[in-house]
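Colleague: Here the sequence shown is numbered in this note's numbering, starting from 2 and rising by one per residue. What follows is a single structure, and I will ask about it in a moment.
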Amino acid sequence: MAKTVLIPITNYNEEIEVIAPVDILRRSGVKVTIASIADTISVKTSRNVILTADCFLSDCLQQDYDLIVLPGGMPGAEYLRDCESLIALLKKQKAQNRLFAALCAVPAITLHPHGLVDNLKITCYPALKDQITKAIYVDEKVVVDKNCITSQGPGTALEFALILVQILLNEKIANKIRAAMLI
């Protein structure tokens, strides 16, 4: 059975941080669902690119996912932080030891305030590292600790996505995609 990944999106997410994981995970055969937390199915990203989700987050709340990936971007990270149903889903994901991942501003702005990364090693957009007080900030492109995977920003999105493939599936598949994409 194919692994399943949920990628919630909203207005002003960083488009590279949405598209890179979607693309690489789908290339690996993972079933990816893009779900809008906005009041519209299409959202405007941080650089005015319009992305259309597969569905609304409300359509996904009764399903379990192998991984939930949160793209960053501001103020998108704040919108994710303030989405009560998403936070409840993330808390359930963590409690059940299933994977969750975040890029850029999201580890500091979305996950940290809700206690989702307490006592974990994480990374985030470096300018936000001082907001990390209950987790251990690590200055690396991608950090994996237990069931949490974090990454620093748009420039690290491809490597982040390949690590997600490696964790969800295996290193051989991740390396095959890396080679095919000339990464």
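All C-beta atoms in this analysis are idealised placements derived from N, C-alpha and C, irrespective of residue type, glycine included.
Just checking, does the stretch 36 to 48 make contact with the stretch 90 to 104 on the three C-beta pairs under 8 Å criterion?
Modeller: No: fewer than three Cβ pairs fall under 8 Å.
Colleague: Comparing alpha-carbon positions, which option in T134, E141, E85, D83 lies nearest L104?
Modeller: The residue labelled residue 104 in the question sits at position 103 within the sequence shown. If we check each option's Cα against that of L104, E141 comes out closest.
Colleague: Going by C-alpha to C-alpha distance, which of A109, I51, Q132 sits closest to S152?
Modeller: The sequence position of residue 152 within the sequence shown is 151, counting from 1. Ranking the options by Cα distance to S152, first place goes to A109.
Colleague: Mind pulling the alpha helix (DSSP H) runs of 4 or more residues that sit fully within the stretch 45 to 109?
Modeller: Listed in chain order, they are 77 to 82, 85 to 96.
Colleague: Taking the alpha-carbon of Y13 as reference, which of S59, T111, G73, N120 has the nearest alpha-carbon?
Modeller: The residue labelled residue 13 in the question sits at position 12 within the sequence shown. It is G73.
Colleague: Report yes if the CB atom of L52 is closer than 8 Å to the CB atom of V19, and no otherwise.
Modeller: Translated into the one-based positions of the sequence shown, residue 52 becomes position 51. Translated into the one-based positions of the sequence shown, residue 19 becomes position 18. Yes.
Colleague: Could you check what DSSP says for D19 in three-state terms: helix, strand or coil?
Modeller: Start at 1 with the first residue of the sequence shown, and residue 19 comes out as number 18. First, the residue type needs correcting, since residue 19 is Val and not Asp in the sequence shown. Correct three-state label for V19: helix.
Colleague: I need the boundaries of the alpha helix (DSSP H) containing I168, first residue and last residue.
Modeller: Indexing the sequence shown from 1 puts residue 168 at position 167. 158 to 169 is the span of the alpha helix (DSSP H), which, as asked, contains I168.
Colleague: Does the Cβ-Cβ distance between T5 and D67 come in under 8 Å?
Modeller: On the sequence shown, residue 5 is found 4 positions in, with the first residue counted as 1. On the sequence shown, residue 67 is found 66 positions in, with the first residue counted as 1. Yes, Cβ-Cβ distance for T5 and D67 is below 8 Å.
Colleague: Taking the straight line between their C-alpha atoms, what separation do you get for A36 and E160?
Modeller: Within the sequence shown, residue 36 is the residue found at index 35, counting from 1. Within the sequence shown, residue 160 is the residue found at index 159, counting from 1. If I take the Cα positions, the gap works out to 23 Å.
Colleague: Going by the CB atoms, is the gap between L129 and A106 shorter than 8 Å?
Modeller: By 1-based counting over the sequence shown, the position of residue 106 is 105. By 1-based counting over the sequence shown, the position of residue 129 is 128. The answer is yes: Cβ separation under 8 Å.
Colleague: With respect to the beta strand (DSSP E) encompassing K32, which residues constitute its N-terminal and C-terminal limits?
Modeller: For the purposes of this step, residue 32 is identified with residue 31 of the sequence shown, where counting begins at 1. Here the beta strand (DSSP E) through K32 covers 32 to 37.
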